[in-house]
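**Student:**
Residue numbers (this note's numbering), protein chains in the order written: chain A, 1 to 552; chain B, 553 to 902.
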């Protein structure tokens, strides 16, 4: 069996150190092992995962140093060379060196202070800058073969010039690898051909003969070609076409709550006075604000409409998410109660989505000083209408439909929404400037799910010109609990979950966003493929080496 | 002729410089920046964005970024005198690496910001696919458009003439994406006789023979050539009608020449003069005109690469494609001028 999959974007760089997009991420995952791995059923990083280069690990008392026990001599590269600690040391240095164009260097440098290997004990010690419970997330880098670059001993790792990776052939011809599949051919802009690697770490045998990853940019064409039998696996097809796949006797499918979710952000601060928070990392509090010219202030200027929590909640109550989901994604999704994915371990089972309730919305608006006049327009005591501009990215039909429906539904409350779809890059620039009222956008959550939401809602990320907390949300209790959840002694999962449940409640109560929905995940294949134990949510390929076909 | 060619090539140098400056400035003025798009994600930290901006040199003023694109990160030394200091990259443990990007002026267009691969390699690999599709489509378009236009003119008012005129209007108006999808549905899905896209079969071996290649070419060539064919046949018809009423054609007929000789030898040469004007823009048009067709048929061409790179504001890649397109445009118009001289004896290259 040849697995025939499709990608919508080009393949980027096949050196995992330099890979920067979903196209190459999918492919390098097939070819390069990681130090640690994700356990498919629990969707979390666990010890002793098949194929991971470290069996298990210990954590120092101060929580800063993780020592991983390397599986010495168990696995080899496809050229027969054993995978060794030299490879591990070389790979971490490649990611951290800053001498090449690795897109993750700055991220890893922020979290990791040192990596040391000990060949006598066959261990890898990673020292982090801070003792947090999410440090393991940054230990799972993909390992590359040091001997490809002529590095044969640990002593040679540091002096090596890692800038050569920017121009060498490994980016397009990774001849040495150690995954279920090995590289065979790259046809630029068209396809990547991988073939089975019978020495794959953690696999008894790789049953599929190969993997053909074809670039098909048009989503409609991908589905047509899948249904016609040209492709035998499809990942997240267009929502409009999923019923055709469900109804096809020649295909099977797997559905789950996906990890791509949309939200509507309301600006907490006055868009005419954008200010960055001055964040004290010692106390995790905001000590002041500065504008773009460096002038200092004690506080933000609140948004004239959205600073009031009652107004934000009214808008949430005024939006009929079921109707929106039905029209925008044909009902293929799940309404969100907060920014936490419905299937994440940190999701509180007690926190439910805020229901559509236009009467409650109007009541809250009345309490906040807004009433509907005889013309059906919501006005304040001064007679000023409730109106704002809502932005989204042009060309995304889903978000354009959400925007139109929000405009219509809020219009029934007397709110005038000036809905505008603009170019994506322009939208990002406007968002970063913090000179906006509201926008609709989405996030693709990392996998395994990251419970930490510092980057979305912490005031440390409220920086004009950059930073994801462009809505200027700030709640000291959120900041405190976020730190607490990251630094629970021993990182007990239940203790952390309890804190994350509190955080979720805070975010929902504060209406840090107007929560919309997560799009349904969907995998499908031709019916003759036996998926074995899988798939699991967000994990289609974890056991691809075991897939069989009755067509053989 | 040689003098003419040398002069035109010399004239092209400042033109290309001008294009590079305007393109760079236009990209700079476009909203957003590549790092914002690259780091767009829920786990992105403020410092990460700042660091990437710094590392990719995007914090520098636009004139410095242009100079860096032009002259590179690698120092320029002539006779021991450093004319351009280049750029030093600070690595870990305070190690300093001297940039090895040589700059456009030294034939190095740098690495793509997104793929982190040399852009000239990315373009080169896509060129063959683009050239294959573009040249064949152009040949089909010209090969059929010219005789159809001539025949429509000589049979003016006939059923054939009316049919070709209606067809020409229809195919000029019909959008390529629609035509492409309809052809996929008919020939790929319903009849199952032609592949629905790509350049080769979806097998590990890929293209094994010419038939494979021809089958995959059929639909995209059909879609891409219909536009050229439609426009060209109308041009040719109008031009031929003009020529057919001229005295020298009457003379040719009076000499007893066969219709075919009159139409395709005597009339067509003069009728081709206006057609030669289309060839100039048609050559660079191969580069960019196939975007929709390439997308629908998953054809690994340069049009799609250009489109993606503009969306991502991947400026090294955009600049390389723009410069390549500019060279082709200059070349296209040069060929156009030479063709003028060949088909019209009144024009001399000087």
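No residue lacks a Cβ here, since even glycine has one placed at the ideal position from N, Cα and C.
Examine the Cβ distances between the segment 505-515 of chain A and the segment 466-478 of chain A and report whether three or more of them are shorter than 8 Å.
**Tutor:** Contact between the segment 505-515 of chain A and the segment 466-478 of chain A is present, because at least three Cβ pairs lie under 8 Å.
**Student:** So, are the CB atoms of residue 788 of chain B and residue 702 of chain B less than 8 Å apart?
**Tutor:** Yes, these two residues count as a Cβ contact at 8 Å.
**Student:** Hey, which unbroken runs of the alpha helix (DSSP H) at 4 residues or more fall wholly within the segment 348-409 of chain A?
**Tutor:** For the segment 348-409 of chain A, whole alpha helix (DSSP H) runs of length 4 or above, ordered along the chain, are 358-367.
**Student:** With 8 Å set as the bound, which would you pick, yes or no: does the beta-carbon of residue 860 of chain B sit closer than that to a beta-carbon of chain A?
**Tutor:** Interface residue, yes.
**Student:** Beta-carbon within less than 7 Å of residue 131 of chain A's beta-carbon, same chain only, minus the 5 sequence neighbours each way: which residues are those?
**Tutor:** The answer, listed in chain order, is 62, 63, 64, 487.
**Student:** Got a sec? Which residues, its chain only, sit under 7 Å from residue 642 of chain B by beta carbon, not counting five neighbours each side?
**Tutor:** Cβ within range, chain order: 648.
**Student:** Using 10 angstroms around the beta-carbon of residue 687 of chain B, count the other beta-carbons present and answer buried if the total reaches 16, otherwise exposed.
**Tutor:** The residue is exposed, with fewer than 16 neighbouring Cβ atoms inside 10 Å.
**Student:** By the criterion of Cβ-Cβ separation under 8 Å, what are the contact partners of residue 642 of chain B in chain A?
**Tutor:** Ordered by position in chain A, the residues that pass the 8 Å Cβ test against residue 642 of chain B are 98.
**Student:** Can you give me the start and stop residues for the beta strand (DSSP E) that residue 72 of chain A sits inside?
**Tutor:** Note, residue 72 of chain A: premise wrong, no beta strand (DSSP E); not H, not E.
**Student:** Mind checking whether residue 518 of chain A and residue 3 of chain A have CB atoms under 8 Å apart?
**Tutor:** Taking 8 Å as the Cβ cut-off, residue 518 of chain A and residue 3 of chain A do not qualify as a contacting pair.
**Student:** In chain A, which residues lie less than 7 Å from residue 637 of chain B when you measure between Cβ atoms?
**Tutor:** Ordered by position in chain A, no residue passes the 7 Å Cβ test against residue 637 of chain B, which lies about 18 Å from the chain.
**Student:** Between the beta-carbon of residue 267 of chain A and the beta-carbon of residue 306 of chain A, is there less than 8 Å?
**Tutor:** Contact flag set, yes.
**Student:** Nearest-angstrom Cα distance between residue 356 of chain A and residue 303 of chain A?
**Tutor:** Using only the alpha carbons, I get a separation of about 24 Å.
**Student:** Residue 180 of chain A and residue 197 of chain A: beta carbons closer than 8 Å?
**Tutor:** Result yes, Cβ atoms of residue 180 of chain A and residue 197 of chain A sit closer than 8 Å.
**Student:** Mind listing, in chain order, the continuous alpha helix (DSSP H) runs of no fewer than 4 residues lying wholly within the segment 74-98 of chain A?
**Tutor:** For the segment 74-98 of chain A, whole alpha helix (DSSP H) runs of length 4 or above, ordered along the chain, are 85-96.
**Student:** Does the structure place the segment 9-19 of chain A close enough to the segment 162-171 of chain A that three or more beta carbon pairs sit under 8 Å?
**Tutor:** Because the criterion of three Cβ pairs below 8 Å is met, the segment 162-171 of chain A and the segment 9-19 of chain A touch.
**Student:** Considering Cα atoms alone, identify which of B:572, B:836, B:756 is closest to residue 682 of chain B.
**Tutor:** Here the closest residue by C-alpha is B:836.
**Student:** At the level of alpha carbons, what is the spacing between residue 22 of chain A and residue 11 of chain A?
**Tutor:** Distance between the alpha carbons of residue 22 of chain A and residue 11 of chain A: 8 Å.
**Student:** Going by DSSP in three states, residue 172 of chain A sits in which element: helix, strand or coil?
**Tutor:** Residue 172 of chain A: coil per DSSP, three-state reduction.
**Student:** Measure the beta-carbon distance from residue 158 of chain A to residue 93 of chain A and round it to whole angstroms, keeping in mind my assumption that it falls under 8 Å.
**Tutor:** About 7 Å; that satisfies the 8 Å criterion.
**Student:** Just checking my contact of residue 452 of chain A with residue 482 of chain A at CB under 8 Å: how many whole Å lie between their CB atoms?
**Tutor:** Right, the Cβ-Cβ distance comes to about 7 Å (below 8 Å), so this counts as a contact.
**Student:** Taking Cβ positions only, does residue 603 of chain B come closer than 8 Å to chain E?
**Tutor:** Going by chain labels, chain E is absent from the structure shown, which instead holds the protein chains A and B.
**Student:** Where do the N-terminal and C-terminal ends of the alpha helix (DSSP H) with residue 449 of chain A fall, by residue?
**Tutor:** Looking at the DSSP string, residue 449 of chain A is not in any alpha helix (DSSP H), and its letter there is neither H nor E.
**Student:** If we cut at 8 Å on Cβ distances, does residue 850 of chain B have a partner in chain A?
**Tutor:** Cβ-Cβ to chain A under 8 Å: yes for residue 850 of chain B.
**Student:** Spell out the partners DSSP gives residue 663 of chain B in its beta bridges.
**Tutor:** Note: residue 663 of chain B sits in a beta bridge opposite B:670.
**Student:** Using only the alpha-carbon positions, how far apart do residue 631 of chain B and residue 91 of chain A sit?
**Tutor:** Roughly 40 Å between the two C-alpha positions.
**Student:** Report all residues from its chain with a CB closer than 6 Å to the CB of residue 226 of chain A; omit the five preceding and five following residues, and keep chain order.
**Tutor:** Around residue 226 of chain A: 234.
**Student:** Can you tell me where the alpha helix (DSSP H) with residue 592 of chain B in it begins and where it stops?
**Tutor:** Note, residue 592 of chain B: premise wrong, no alpha helix (DSSP H); not H, not E.
**Student:** Look at the Cβ atom of residue 536 of chain A, then the Cβ atom of residue 47 of chain A, and state whether they are nearer than 8 Å.
**Tutor:** No.
**Student:** Can the beta-carbon of residue 777 of chain B be found closer than 8 Å to that of residue 693 of chain B?
**Tutor:** Cβ atoms of residue 777 of chain B and residue 693 of chain B: closer than 8 Å.
**Student:** Does the Cβ of residue 813 of chain B have 16 or more other Cβ atoms within 10 Å, making it buried, or fewer, making it exposed?
**Tutor:** So residue 813 of chain B counts as exposed.
**Student:** Between residue 868 of chain B and chain A, is the shortest Cβ-Cβ distance under 8 Å, so that the two count as touching?
**Tutor:** No, its Cβ sits nowhere closer than 8 Å to a Cβ of chain A.
**Student:** Determine, using beta-carbon pairs with one atom in the segment 595-614 of chain B and one in the segment 882-894 of chain B, whether at least three such pairs fall under 8 Å.
**Tutor:** No, because fewer than three Cβ pairs between the segment 595-614 of chain B and the segment 882-894 of chain B fall closer than 8 Å, the two stretches do not touch.
**Student:** Which term fits residue 800 of chain B, buried or exposed, when burial requires 16 or more other beta carbons within 10 angstroms of its beta carbon?
**Tutor:** That one is exposed.
**Student:** With the cut-off set at 8 Å, would you say residue 516 of chain A and residue 263 of chain A are in Cβ contact?
**Tutor:** Going by C-beta atoms, residue 516 of chain A is nearer than 8 Å to residue 263 of chain A.
**Student:** Where do the N-terminal and C-terminal ends of the beta strand (DSSP E) with residue 216 of chain A fall, by residue?
**Tutor:** Unbroken run through residue 216 of chain A: none, as it is neither H nor E.
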